[in-house]
Amino acid sequence: MSIQNKQLAFVFPGQGSQSVGMLVEMAESYPEIKDTFAKASEVLGLDLWALVTDGPAEELNQTHNTQPAMLAAGVALWKVWCAHSDVRPAYMAGHSLGEYTVLVCSGVLDFADAIALVAARGRFMQEAVPEGVGAMAAVLGLTDAQVIQVCSDAAQGEVCSAVNFNSPGQVVIAGNSAAIDRAMLAAKDAGAKRALKLPVSVPSHCALMRPAAEKLYVQMQALRFAQPDVSLLHNVDVAEHKEADEIRQALRQQLFMPVRWVDTVNALTEQGVTTIVEMGPGKVLMGLNKRIVKTSDHFTVYNPDTLNKLLEHYSND
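Quick look at the structure:
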């Protein structure tokens with residue numbers, strides 16, 4: 462019998478946390494990993510597990526492959542957790558693409574539907590902005606307001622926006638390549654510690670993604686969205702949505718609007734959450750979460766050791 466813990470939130474990472482070899486160690490002990498990837502491979506008509514285990518990285522990093530791979534990874538880890546613990550989170554949130562993982566884990570979307578949807582999302586995003594036209598960069602050491610001002614000044618008629626408010630002093634910007642180059646220089650002039658280009662093929666969460674968002678919205682009309690069985694906070698408005706079309710709209714808007722991660726983590730804390738678990742490869746979100754809320758317990762689950770730490774934590778409760 463599973464028990465919902467009101468002080469526990471699970472969060473799921475998005476693109477940028479993938480790596481060749483992710484979850485290989487988990488797969489040796491937990492059959493749920495390969496089973497989940499096998500289902501995803503069937504939907505896609507390609508061997509997703511082989512791509513994750515053997516690469517090449519250039520292929521895995523193509524957004525139409527990264528998105529289903531990260532979705533499958535998060536869902537697989539969730540299945541492992543559910544098979545080995547009765548403790549369930551009362552809250553969930555996902556960073557960007559991670560929001561789709563949340564929708565599967567909370568019972569809103571069927572896994573096969575979600576895999577096909579995120580693969581299409583990746584294709585629509587790449588079609589909207591040909592390689593080289595757009596860029597993303599991380600700006601470290603400025604306030605949110607400073608980054609917004611830098612983007613506004615650097616745009617010069619092009620798209621240049623603050624798109625991921627990841628942690629205090631870490632904001633990602635996206636838009637046309639030339640505008641992003643101008644913004645990076647301006648950010649350094651304004652006192653940024655660093656401004657670095659991200660190795661991505663698409664500028665997510667900015668106005669260049671509007672055509673992709675409209676195609677995605679049409680694609681979602683054919684899918685069944687059920688009511689979530691936990692509280693979900695969405696990226697675009699840090700709010701809960703339970704009705705099917707509200708969720709579709711939140712996903713549509715998410716493609717061209719910022720990810721408000723700092724607000725999301727703070728909102729979880731305000732709801733009484735004291736433990737935040739990143740469920741997915743790597744530990745990018747845990748690093749951000751620790752900088753946002755220093756008083757919570759932070760965990761990440763991506764290999765047998767990290768899983769056992771969390772299982773022990775709850776068996777001692």
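462 is the number of the first residue of the sequence shown in my numbering; add one for each residue after it. Think of the CB as a built atom: it goes at the ideal place given N, C-alpha and C, for glycine as much as any other residue. None of these values were measured; they are calculated from a predicted model.
Beta-carbon separation (whole angstroms), residue i vs residue j, contact threshold 8 angstroms
{"i": "residue 461", "j": "residue 529", "result": "Nothing about residue 461 can be reported from this structure: the residues present for the chain run from 462 to 778 only."}
{"i": "residue 780", "j": "residue 524", "result": "Nothing can be reported for residue 780, as the shown portion of the chain is limited to 462 through 778."}
{"i": "residue 664", "j": "residue 599", "result": "Actually they do not touch by this definition, with Cβ atoms about 13 angstroms apart."}
{"i": "residue 541", "j": "residue 768", "result": "7 angstroms"}
As assigned by DSSP and simplified to three states, the class of residue i
{"i": "residue 538", "result": "helix"}
{"i": "residue 731", "result": "helix"}
{"i": "residue 655", "result": "strand"}
{"i": "residue 460", "result": "Residue 460 lies beyond the stretch modelled for the chain, which goes from 462 to 778, so this question has no answer here."}
{"i": "residue 685", "result": "coil"}
{"i": "residue 755", "result": "coil"}
{"i": "residue 628", "result": "strand"}
{"i": "residue 692", "result": "strand"}
{"i": "residue 721", "result": "coil"}
{"i": "residue 646", "result": "helix"}
{"i": "residue 543", "result": "helix"}
{"i": "residue 748", "result": "helix"}
{"i": "residue 672", "result": "helix"}
{"i": "residue 525", "result": "helix"}
Continuous alpha helix (DSSP H) stretch holding residue i: start and end
{"i": "residue 584", "result": "572-589"}
{"i": "residue 505", "result": "492-505"}
{"i": "residue 600", "result": "Per DSSP, residue 600 belongs to no alpha helix (DSSP H); it is in the beta strand (DSSP E), 595-601."}
{"i": "residue 773", "result": "765-776"}
{"i": "residue 513", "result": "509-515"}
{"i": "residue 519", "result": "518-521"}
{"i": "residue 605", "result": "605-616"}
In DSSP terms, what residue i is bridged to
{"i": "residue 473", "result": "555"}
{"i": "residue 634", "result": "598 and 623"}
{"i": "residue 549", "result": "465"}
{"i": "residue 762", "result": "740"}
Same chain, Cβ closer than 7 angstroms to residue i, neighbours up to 5 away in sequence not counted
{"i": "residue 719", "result": "623, 624, 625, 626 and 666"}
{"i": "residue 671", "result": "717"}
{"i": "residue 765", "result": "486, 487 and 490"}
Close-in-space but distant-in-sequence residues of the same chain around residue i (CB under 6 angstroms, 5 per side omitted)
{"i": "residue 437", "result": "Missing from the structure shown is residue 437; the chain here goes from 462 to 778 and no further."}
{"i": "residue 655", "result": "601"}
{"i": "residue 739", "result": "472, 746, 747 and 761"}
Residue i beta carbon near the ligand SAH (any heavy atom closer than 8 angstroms)
{"i": "residue 640", "result": "Within the structure as shown, the ligand SAH is missing, as the structure has no ligands at all."}
Element boundaries [beta strand (DSSP E), containing residue i]
{"i": "residue 738", "result": "736-740"}
Close-in-space but distant-in-sequence residues of the same chain around residue i (CB under 8 angstroms, 5 per side omitted)
{"i": "residue 728", "result": "694 and 699"}
{"i": "residue 617", "result": "640 and 643"}
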